[in-house]
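This report concerns only the one structure given below.
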Amino acid sequence: MITRLKHNVLSLVVFITLSLLMISCGKNVLLSKYTSLPEEGWKTDNKLTFEVDVKDNKPYHNIFLTVRHADSYPFSNLFVFLTTTYPDGKKSVDTLECVLANKKGEWQGDGAGDIWDNKIPIKQNVMFPATGKYTFTFEQGMRMNPLPLIMDFGMIIEKVD
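What follows is the structure, encoded as structure tokens:
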């Protein structure tokens, strides 16, 4: 119960921080969204979906994943399967590795108590091939089901200045 309370308080702090960041640099943020995962863990059939309507595909973009995990998360990384659905309906599938700890086993990202936040670049300086609605669907690709102690997962797409 206390862990859930800590999680809720931290989620509120992160939400306020992200809101302030979006207000200050909102013109460059195309998407900034995260999903809280169930306390029992991220099940392989729990697909997380993020949609964005690209109105201008000319500028370059940086794409990041955001991962919040507990200090006792049992792995140094997180594999996810990404299915991208393009405006014309075509799909592509990628396997992505989110490195959460360095080779010494030290957590990366920002820590607050026993919770760690990571903003992981997955694509830099990319252009969307067309305007329209893009759908990004993520599945956890680890060998543990459900995967414990991943608390939130999200995606940020920013225009490059």
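Just so you know, the sequence shown maps onto residues 0 to 160 in numbering that gives the first Met the number 0.
Backbone N, C-alpha and C fix where the C-beta goes; we use that ideal spot for every residue, glycine too.
{"Check": "Where do the N-terminal and C-terminal ends of the beta strand (DSSP E) with Y133 fall, by residue?", "Outcome": "131-139"}
{"Check": "DSSP beta-bridge partners for K54?", "Outcome": "DSSP, once it has assigned bridges, lists no residue as partnering K54."}
{"Check": "Looking at chain B, is there any beta carbon in it that lies within less than 8 Å of the beta carbon of S35?", "Outcome": "Here there is only one protein chain, and chain B is not present."}
{"Check": "Taking the alpha carbon of K158 as the point to measure from, which residue in E39, K122, L36, S71 has its own alpha carbon closest?", "Outcome": "K122"}
{"Check": "Taking all protein chains shown into account, do 16 or more other C-beta atoms lie within 10 angstroms of the C-beta of V53, making it buried, or fewer, making it exposed?", "Outcome": "buried"}
{"Check": "Per the DSSP calculation, R142 is bridged to which residue(s)?", "Outcome": "Beta-bridge pairing links R142 to no other residue."}
{"Check": "Identify whether N124 lies in helix, strand or coil by the three-state DSSP scheme.", "Outcome": "strand"}
{"Check": "So, under 8 Å CB-CB, F152 and Y33 are touching, yes? Tell me the CB distance rounded to an integer number of Å.", "Outcome": "6 Å"}
{"Check": "In chain order, what residues of the same chain have a beta carbon less than 6 Å from the beta carbon of I62, not counting five sequence neighbours either side?", "Outcome": "I121, K122, I156"}
{"Check": "Check N117 in the structure and name its three-state DSSP category.", "Outcome": "strand"}
{"Check": "Thinking just about the alpha-carbon of each residue, which of S71, T136, A111 is nearest to the one in T162?", "Outcome": "Given that the chain is displayed from residue 0 to residue 160, the structure contains no residue 162 and the question cannot be resolved."}
{"Check": "Considering only C-alpha positions, which residue in the set Y59, K103, D70, K46 is nearest to I149?", "Outcome": "D70"}
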